Amino acid sequence: MILEIRDLSVSFDGFKAVDNLNLSVGQRELRVVIGPNGAGKTTLLDMICGKTRPTSGQILFDGEEMTRLSEDRIVKAGIGRKFQTPSVYEDLTVAENLEISLPQGQGVLGSLCFRRDARAREAIEAAAREVFLLDALAHKAGQLSHGQKQWLEIGMLLTQEPRLLLLDEPVAGMSPREREQTAELLSRISAGKSVIVIEHDMDFVKRIAHKVTVLHQGRLLSEGSVEQVQSDPRVIDVYLGH
Ligand code: ADP
Numbered sequence: 001m002i003l004e005i006r007d008l009s010v011s012f013d014g015f016k017a018v019d020n021l022n023l024s025v026g027q028r029e030l031r032v033v034i035g036p037n038g039a040g041k042t043t044l045l046d047m048i049c050g051k052t053r054p055t056s057g058q059i060l061f062d063g064e065e066m067t068r069l070s071e072d073r074i075v076k077a078g079i080g081r082k083f084q085t086p087s088v089y090e091d092l093t094v095a096e097n098l099e100i101s102l103p104q105g106q107g108v109l110g111s112l113c114f115r116r117d118a119r120a121r122e123a124i125e126a127a128a129r130e131v132f133l134l135d136a137l138a139h140k141a142g143q144l145s146h147g148q149k150q151w152l153e154i155g156m157l158l159t160q161e162p163r164l165l166l167l168d169e170p171v172a173g174m175s176p177r178e179r180e181q182t183a184e185l186l187s188r189i190s191a192g193k194s195v196i197v198i199e200h201d202m203d204f205v206k207r208i209a210h211k212v213t214v215l216h217q218g219r220l221l222s223e224g225s226v227e228q229v230q231s232d233p234r235v236i237d238v239y240l241g242h
């Protein structure tokens with residue numbers, strides 16, 4: 001297991017947003033987390049990446065306790081997080097966005113003397129190719145479509161070579177063709193890394209998920225294959241009962 005979450009809880013002013021959650025994600029597993037609005041999905045990812053401090057419980061990454069480390073240390077340990085809205089530098093080119101996200105030391109010198117070091121350039125091109133932006137390296141990020149910005153942000157995460165990627169609704173605002181490409185991209189990424197994706201669109205979930213975790217009111221409601229959770233009466237009740 002690359003990630004083990006034990007009895008994890010967080011309360012905001014007495015309200016339990018995540019309640020005694022246990023979850024394990026394997027190496028090269030693509031896990032999708034679903035659940036109605038307010039189920040605690042984003043809060044869960046916030047705790048894994050160190051943005052929100054749990055009230056109690058443990059998060060182990062590759063067997064190491066990560067629970068109260070800073071966001072910086074968690075990124076360095078190999079966990080990359082993408083938020084729901086793309087946050088790219090609109091005035092910089094695709095190449096520059098990728099360059100500044102390179103691990104410290106790889107990109108900085110190159111950008112100062114306008115002669116990018118070959119390794120940095122290779123890393124930038126490899127990331128751009130991976131996220132379908134090789135032809136857009138010189139384009140300003142602000143000119144990209146919403147979907148392309150989502151890809152660029154995934155590319156920026158990939159340059160940091162994380163072993164676990166956390167993606168919050170990566171296909172939000174994408175065209176059907178972009179969604180299809182993103183499904184391919186995620187399958188490729190999960191051949192070498194573990195990925196946790198929050199997603200609402202069940203057609204997309206079916207396409208990408210190795211396993212699905214269903215949250216409801218901060219608790220684990222169901223877990224298993226897409227077919228298993230879709231036929232689970234507790235899941236049907238929650239989705240149809242609201
Ligand atoms: P989801 O991502 O499944 O829609 P969230 O994790 O965003 O759900 O939210 C779970 C619950 O926790 C919601 O009721 C939300 O209002 C609450 N919540 C999340 N973050 C905070 C916060 N920082 N302060 C207070 N309440 C919060």
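All residue numbers for the sequence shown refer to full-length UniProt numbering, where the first residue is 1 and numbers rise by one.
Here a beta-carbon is modelled for each residue, glycine too, at the ideal position from N, C-alpha and C.
All of these numbers come straight from a predicted model, not from anything done at the bench.
The alpha helix (DSSP H) with threonine 42 in it runs from where to where?
41-48
Residue interval of the alpha helix (DSSP H) (run including lysine 149)
146-158
Any chance the CB of glycine 40 is under 6 Å from a heavy atom of ligand 1?
yes
Note down, one range per segment and in chain order, each alpha helix (DSSP H) of at least 4 residues found wholly within the stretch 65-95.
Within the stretch 65-95, the complete alpha helix (DSSP H) segments of 4 residues or longer fall at 71-77, listed in chain order.
Would you say the beta carbon of phenylalanine 83 is closer than 6 Å to some non-hydrogen atom of ligand 1?
No, the Cβ of phenylalanine 83 stays beyond 6 Å of every heavy atom of ligand 1.
Only counting the same chain, and skipping five residues up and downstream in sequence, which positions put a Cβ closer than 6 Å to that of alanine 127?
Leu98, Gly155, Leu158, Thr159
Can you have a look at aspartate 72 and say buried or exposed, based on whether 16 or more other CB atoms are within 10 angstroms of its CB?
exposed
Looking at asparagine 37 and ligand 1, is the gap between the Cβ and the nearest heavy atom below 6 Å?
yes
In this structure, does DSSP put residue 243 in helix, strand or coil?
One cannot answer for residue 243 here, as it falls past the ends of the chain, which runs 1 to 242.
Can you tell me whether valine 171 is helix, strand or coil according to DSSP?
coil
6 Å Cβ shell around phenylalanine 114 - same chain, five flanking residues per side excluded:
Caution is warranted here: a pLDDT of 48 is assigned to phenylalanine 114, below 50, making its placement in the model unreliable, and the coordinate value is therefore given only provisionally. For phenylalanine 114, where only same-chain residues beyond five positions count, there are no Cβ hits under 6 Å.
Report the rounded CA-to-CA distance for valine 229 versus histidine 139, giving the unit in angstroms.
42 Å
For arginine 5, list the residues DSSP reports as bridge partners.
A quick correction: the sequence has isoleucine, not arginine, at residue 5. Its beta-bridge partners are Leu23, Ile59.
So what does DSSP say about serine 11, is it helix, strand or coil?
The answer is strand: DSSP assigns serine 11 an E or B state.
Boundaries of the alpha helix (DSSP H) in which glutamate 122 is found, first to last residue:
From DSSP, the alpha helix (DSSP H) with glutamate 122 extends over 118-130.
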